[in-house]
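Novice: Mind looking over this structure? Questions follow.
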Ligand code: HEC
Ligand code: HEC
Ligand code: HEC
Ligand code: HEC
Ligand code: HEC
């Protein structure tokens, strides 16, 4: 997140925990569509109007970090982006519910792992994954990262609901009924840590404009950012105790930096 946005939010006194992170991020995203001038998946799908189910997915992608980072449709769906003809282009493309699709639950980990090794490895090596493997409703990447990952289940009540699909009386995970509440608390802990780190970076940039030397604070904040990232990986491994601890460590330390910067008149 850039500092201009943080400035506006801080000035307005808006608590970001009230918004899913993506809602804020989307507003300033710039498109990278020029890069896809010769990609026929993008060209043809950008002109489709029907069926709406298919057409809408183009727009989901258009607003995603994947589009911004030049990840085309074929990287996830397969197919041939050089082919102009629909049938030729769709060779290897299947609806994600088909076992042949690169995005079917049994293949999706391999597909996402081509670029997200750490998140996938944390996820599949977890006890959780082994325990839910046989379960039909078992979570996979898209349970939380909805289409093209332009949104994520990051709102505590949604997380509680998701975990409670199994972690409830008579559910498949009825042994651990405190999990939904803990899951909701973790994403809340991530959000506040994200925000206070951004806030502190904003203050540091303000300080730099006044030529203050804040190198020590800046390098400490970068470390805290790393700890928060590691906490998020622990969440992918469903290690919720450790994940929460690390998120709180990042939050508490970044809060101290924020307060001391504010104490210096920033
Ligand atoms: C010439 C136009 C055209 C091109 C090129 C094209 N598509 Fe499509 N695609 C369509 C249309 C039209 C549909 C709607 C269903 C149908 O008519 O087959 C569709 C449907 C799809 C679906 C939904 C399939 C389903 O069964 O739910 C996916 C996924 C998809 N395309 C991905 C791709 C990818 C990936 C590429 C590039 C490798 C691509 N398309 C290239 C026109 C195109
Ligand atoms: C061809 C490479 C590639 C593939 C395949 C790929 N991604 Fe990504 N993904 C990226 C890049 C590049 C970024 C942006 C940089 C980053 O955050 O790592 C990204 C970002 C993300 C983010 C962060 C989004 C954000 O808003 O910060 C998530 C979540 C994500 N991808 C999930 C997935 C999932 C789930 C799959 C499989 C369905 C997948 N990706 C497949 C390359 C890929
Ligand atoms: C239980 C929910 C859940 C599942 C399942 C899940 N994720 Fe995530 N993921 C999250 C949350 C929450 C974040 C943090 C979002 C943020 O920082 O904005 C995240 C962040 C990410 C990121 C960005 C990492 C970063 O440094 O911020 C990537 C990449 C990612 N996930 C990939 C995946 C992949 C690939 C899978 C499937 C193996 C997966 N996730 C499964 C909830 C989940
Ligand atoms: C990061 C991986 C990724 C990229 C890039 C991506 N998709 Fe998808 N797409 C998915 C996943 C996962 C699903 C199934 C689950 C869902 O809808 O969230 C899906 C579903 C779809 C569907 C509905 C049919 C189905 O199989 O469920 C269409 C149509 C589609 N995508 C088209 C596109 C088009 C067109 C592009 C490029 C403009 C694109 N996608 C880029 C991951 C991706
Ligand atoms: C598809 C079903 C399913 C969903 C959804 C699910 N779990 Fe689980 N989970 C299980 C099963 C099965 C077990 C093992 C049995 C048990 O602990 O009751 C388990 C165990 C756990 C454990 C270990 C409990 C312990 O005390 O050892 C944790 C932690 C956990 N889940 C976290 C989560 C979180 C966080 C979510 C939501 C983001 C979630 N789970 C969603 C099925 C699920």
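Residue numbers (this note's numbering): 25 to 290.
Where is the CB? At the ideal position from N, CA and C, for every residue including glycine.
Note that the coordinates shown come from a computational prediction; the quantities given were computed from them, not determined experimentally.
Suppose you measure from the CA of residue 64 to the CA of residue 108; what does that come to, to the nearest Å?
Specialist: Looking at the two C-alpha atoms, the distance is approximately 6 Å.
Novice: Taking all protein chains shown into account, decide if residue 207 is buried (16 or more other Cβ within 10 angstroms of its Cβ) or exposed.
Specialist: That one is buried.
Novice: Do residue 143 and residue 260 have their CB atoms nearer than 8 Å?
Specialist: Yes.
Novice: CB of residue 214 to nearest heavy atom of ligand 3: below 7 Å?
Specialist: Under cutoff, so the answer is yes.
Novice: Could you give the C-beta distance for residue 100 and residue 57, rounded to a whole number, given that I count them as a contact under 8 Å?
Specialist: No, residue 100 and residue 57 are not in contact; Cβ-Cβ is about 18 Å, not under 8 Å.
Novice: For residue 290, which option in 124, 270, 223, 200 has the closest C-alpha, if you only look at C-alpha atoms?
Specialist: The shortest Cα separation from residue 290 among 124, 270, 223, 200 belongs to 223.
Novice: Shorter than 7 Å, the distance from the beta carbon of residue 221 to the closest heavy atom of ligand 2, or not?
Specialist: Because no heavy atom of ligand 2 lies under 7 Å away, the Cβ of residue 221 does not count as near it: no.
Novice: Can you tell which of 262, 76, 218 has its C-alpha closest to the C-alpha of residue 249?
Specialist: Looking at the Cα atoms, 218 is the closest of the given residues.
Novice: Considering only their Cβ atoms, is the gap separating residue 210 from residue 245 smaller than 8 Å?
Specialist: No, they are not a contact pair.
Novice: Does DSSP put residue 125 in a helix, in a strand, or in coil?
Specialist: Here residue 125 sits in coil by DSSP.
Novice: What runs of the alpha helix (DSSP H), each 4 residues or longer, lie entirely inside the region 161 to 227?
Specialist: Segments of the alpha helix (DSSP H) lying fully in the region 161 to 227: 165 to 168, 180 to 188.
Novice: Is the beta carbon of residue 271 closer than 8 Å to that of residue 213?
Specialist: Cβ atoms of residue 213 and residue 271: closer than 8 Å.
Novice: What's the gap between the Cα of residue 242 and the Cα of residue 225?
Specialist: When rounded, the distance between both Cα atoms is 7 Å.
Novice: Could you compute how far the alpha carbon of residue 275 sits from the alpha carbon of residue 216?
Specialist: When rounded, the distance between both Cα atoms is 7 Å.
Novice: Note down, one range per segment and in chain order, each beta strand (DSSP E) of at least 3 residues found wholly within the region 51 to 82.
Specialist: Runs of the beta strand (DSSP E) inside the region 51 to 82: none found.
Novice: Kindly indicate which residue of 228, 240, 273 has the alpha-carbon position closest to the one of residue 282.
Specialist: Considering only alpha carbons, the answer is 228.
Novice: Rounded C-beta distance between residue 165 and residue 136? I'm assuming under 8 Å.
Specialist: The pair is a contact, with the Cβ atoms about 5 Å apart (cut-off 8 Å).
Novice: May I ask you to report which of helix, strand or coil DSSP gives residue 118?
Specialist: Reduced to three states, the DSSP call for residue 118 is coil.
Novice: Can we count residue 256 as close to ligand 5, meaning its CB is less than 7 Å from some heavy atom?
Specialist: Outside the cutoff, so no.
Novice: Specify, as a first and last residue, the run of the alpha helix (DSSP H) that residue 108 falls within.
Specialist: Element bounds for residue 108: n/a, residue is neither H nor E.
Novice: If you measure from the CB of residue 133, is any heavy atom of ligand 3 nearer than 7 Å?
Specialist: Residue 133 Cβ: within cutoff of ligand 3.
Novice: Can you tell me whether residue 276 sits near ligand 4, meaning its C-beta is under 7 Å from at least one heavy atom of the ligand?
Specialist: No - ligand 4 has no heavy atom lying nearer than 7 Å to the Cβ of residue 276.
Novice: Which stretch, first to last residue, makes up the alpha helix (DSSP H) that contains residue 236?
Specialist: Careful: residue 236 lies outside any alpha helix (DSSP H) and carries neither H nor E.
Novice: Thinking C-beta only, is residue 82 closer than 8 Å to residue 72?
Specialist: The answer is yes: Cβ separation under 8 Å.
Novice: Determine the extent of the alpha helix (DSSP H) in which residue 153 is found, giving its start and end residues.
Specialist: Counting along the chain, the alpha helix (DSSP H) containing residue 153 begins and ends at 151 to 156.
Novice: In terms of residue numbering, what span does the alpha helix (DSSP H) encompassing residue 147 cover?
Specialist: Segment 141 to 148, the alpha helix (DSSP H) holding residue 147.
Novice: Assign residue 201 to one of two classes, buried (16 or more other C-beta atoms within 10 Å of its C-beta) or exposed (fewer than that).
Specialist: Exposed is the call here.
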